[in-house]
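All remarks here apply to the structure that follows.
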Amino acid sequence: MHAYRLEGSGGTECLVMRDEAQTEPKPHEILMRVHATSLNRRDTMILNGTYPLTPRQGVVPLSDGAGEIVAIGDAVTRFAVGDRVTGSYFARWIDGRINAGLIDQLGCTLDGMLAEYAVLDEQWAVRLPDHLDWHEAATLTCAGVTAWNAVTGAGIPKPGQWVLVIGSGGVSLFALQFAKLLGCRVVAVTSRGEKADRLRALGADLVISTSEMPEWGATVRDQTGGIDLVVETGGPATFAQSLIASTLYGHIVLLTLQDPQGRSIEMPAALYQRSLATISRLFVGSRTNLEAMLRAVSQHRLRPVIDKVFAFTEAGDAYRYFQQGDVFGKVVVDGA
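Residue numbers (the numbering used here): 37 to 372.
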């Protein structure tokens, strides 16, 4: 089979495609024919050597992928040949709170999805909704679960409440879609005004262009009465404005702490002293979270947003395209 492996760190030259012998599944494992994979910001951090969890040398990258089971071990009970599945980001984290024994991640400390075939323990996988094509189904493991937990994890927002999302990457667009499923109103902040119509088409009730309004927090608060939940993916560039835009008892889910230049978020004391907002962190989620999100995706027939699809042989180009930052939705790599 063909598989990409990360041999060192420091850029796409470390991404090497190999021709390898196909592995047979052990008793509790499934063999998955990977039909598509997708990239997340953590994948570029792993590639560039800036991710906080050290990847295994020679690991197959990418946590997100979708495919069909073509073989199972003789003790497998959760799946059958032909099932459509994806993997869980923290493969060993089934439910509850995470701990140090559960930190293994697909595409980092465990082989991921950028290969013709992937072998997973049956406990690491979940079934996919039938209405999704392979490209869409390959986008859910990291960005989808992160957005789902950001929107629902602190108590499901009430219909009519305001949710704010930043940018047009995978997490932000999933958060917009999930918030609309829950009956919320959504403010979308973008650095590019030309994306406004596309954000409105996804359901955004108010779109703010930072190129036209760099200091947007007060305007958003005035127009909405205050944001109830901020899915904060902008980092240092947007955190202060998110705080200004929030209601007195707002909730900010802080997902990005540094910008690409390494600058960290600073707490503006004068602003926070006037606020009782809760600031919280999360990091993707468990298999149970993934299953809950997929039930919602299936029930509402939600379709993830795809920006661009690359051939398997163009994986390096996919990384480079993703890293330039001007995306709308998910960047996908086709199966081999």
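Backbone N, C-alpha and C fix where the C-beta goes; we use that ideal spot for every residue, glycine too.
Identify the continuous alpha helix (DSSP H) that holds residue i and give its terminal residues.
{"i": "residue 187", "result": "181-188"}
{"i": "residue 344", "result": "No alpha helix (DSSP H) holds residue 344; the beta strand (DSSP E) holding it covers 342-346."}
{"i": "residue 208", "result": "206-217"}
{"i": "residue 82", "result": "77-84"}
{"i": "residue 237", "result": "232-237"}
{"i": "residue 326", "result": "323-336"}
{"i": "residue 173", "result": "170-173"}
{"i": "residue 352", "result": "351-359"}
{"i": "residue 130", "result": "Unbroken run through residue 130: none, as it is neither H nor E."}
{"i": "residue 279", "result": "275-281"}
Taking buried to mean at least 16 other C-beta atoms within 10 Å of its own C-beta, is residue i buried or exposed?
{"i": "residue 235", "result": "buried"}
{"i": "residue 158", "result": "buried"}
{"i": "residue 308", "result": "exposed"}
{"i": "residue 79", "result": "buried"}
{"i": "residue 192", "result": "exposed"}
{"i": "residue 141", "result": "buried"}
{"i": "residue 207", "result": "buried"}
{"i": "residue 355", "result": "buried"}
{"i": "residue 300", "result": "exposed"}
{"i": "residue 298", "result": "exposed"}
{"i": "residue 323", "result": "buried"}
{"i": "residue 374", "result": "Nothing about residue 374 can be read from this structure; the chain reaches only from 37 to 372."}
{"i": "residue 285", "result": "exposed"}
{"i": "residue 127", "result": "buried"}
{"i": "residue 314", "result": "exposed"}
{"i": "residue 330", "result": "buried"}
{"i": "residue 221", "result": "buried"}
{"i": "residue 61", "result": "buried"}
Would DSSP call residue i helix, strand or coil?
{"i": "residue 68", "result": "strand"}
{"i": "residue 37", "result": "coil"}
{"i": "residue 312", "result": "coil"}
{"i": "residue 4", "result": "Outside the displayed range of the chain (37 to 372) lies residue 4, so it cannot be described from this structure."}
{"i": "residue 286", "result": "strand"}
{"i": "residue 177", "result": "helix"}
{"i": "residue 122", "result": "strand"}
{"i": "residue 150", "result": "coil"}
{"i": "residue 73", "result": "strand"}
{"i": "residue 42", "result": "strand"}
How about residue i and residue j: do their beta carbons lie closer than 8 Å?
{"i": "residue 156", "j": "residue 91", "result": "no"}
{"i": "residue 130", "j": "residue 119", "result": "no"}
{"i": "residue 146", "j": "residue 97", "result": "no"}
{"i": "residue 73", "j": "residue 369", "result": "yes"}
{"i": "residue 216", "j": "residue 364", "result": "no"}
{"i": "residue 66", "j": "residue 172", "result": "no"}
{"i": "residue 252", "j": "residue 260", "result": "no"}
{"i": "residue 55", "j": "residue 76", "result": "no"}
{"i": "residue 212", "j": "residue 242", "result": "no"}
{"i": "residue 326", "j": "residue 124", "result": "yes"}
{"i": "residue 48", "j": "residue 371", "result": "no"}
{"i": "residue 71", "j": "residue 116", "result": "no"}
{"i": "residue 202", "j": "residue 144", "result": "no"}
{"i": "residue 210", "j": "residue 183", "result": "yes"}
{"i": "residue 154", "j": "residue 68", "result": "yes"}
{"i": "residue 226", "j": "residue 204", "result": "yes"}
{"i": "residue 302", "j": "residue 272", "result": "yes"}
{"i": "residue 95", "j": "residue 180", "result": "no"}
{"i": "residue 276", "j": "residue 296", "result": "no"}
{"i": "residue 373", "j": "residue 186", "result": "Residue 373 lies beyond the residue range present for the chain, which begins at 37 and ends at 372; the question has no answer from this structure."}
{"i": "residue 63", "j": "residue 107", "result": "no"}
In terms of residue numbering, what span does the beta strand (DSSP E) encompassing residue i cover?
{"i": "residue 198", "result": "198-202"}
{"i": "residue 226", "result": "221-226"}
{"i": "residue 256", "result": "Residue 256 -> not in any beta strand (DSSP E); alpha helix (DSSP H) instead, spanning 253-260."}
{"i": "residue 102", "result": "100-108"}
{"i": "residue 154", "result": "153-157"}
{"i": "residue 137", "result": "Premise fails: residue 137 is in no beta strand (DSSP E) and is neither H nor E."}
{"i": "residue 55", "result": "51-55"}
{"i": "residue 244", "result": "242-245"}
{"i": "residue 163", "result": "161-163"}
{"i": "residue 62", "result": "No beta strand (DSSP E) contains residue 62, which DSSP labels as neither H nor E."}
{"i": "residue 368", "result": "366-370"}
Review point. Quick one: any contact between the segment 250-266 and the segment 278-285, if contact means 3 or more CB pairs under 8 Å?
Key: yes
Check your understanding: Okay, do the segment 164-177 and the segment 322-335 touch, 3+ Cβ pairs below 8 Å being the bar?
Key -> yes
**Study point:** Three or more C-beta pairs below 8 Å linking the segment 316-331 and the segment 191-207
**Key:** no
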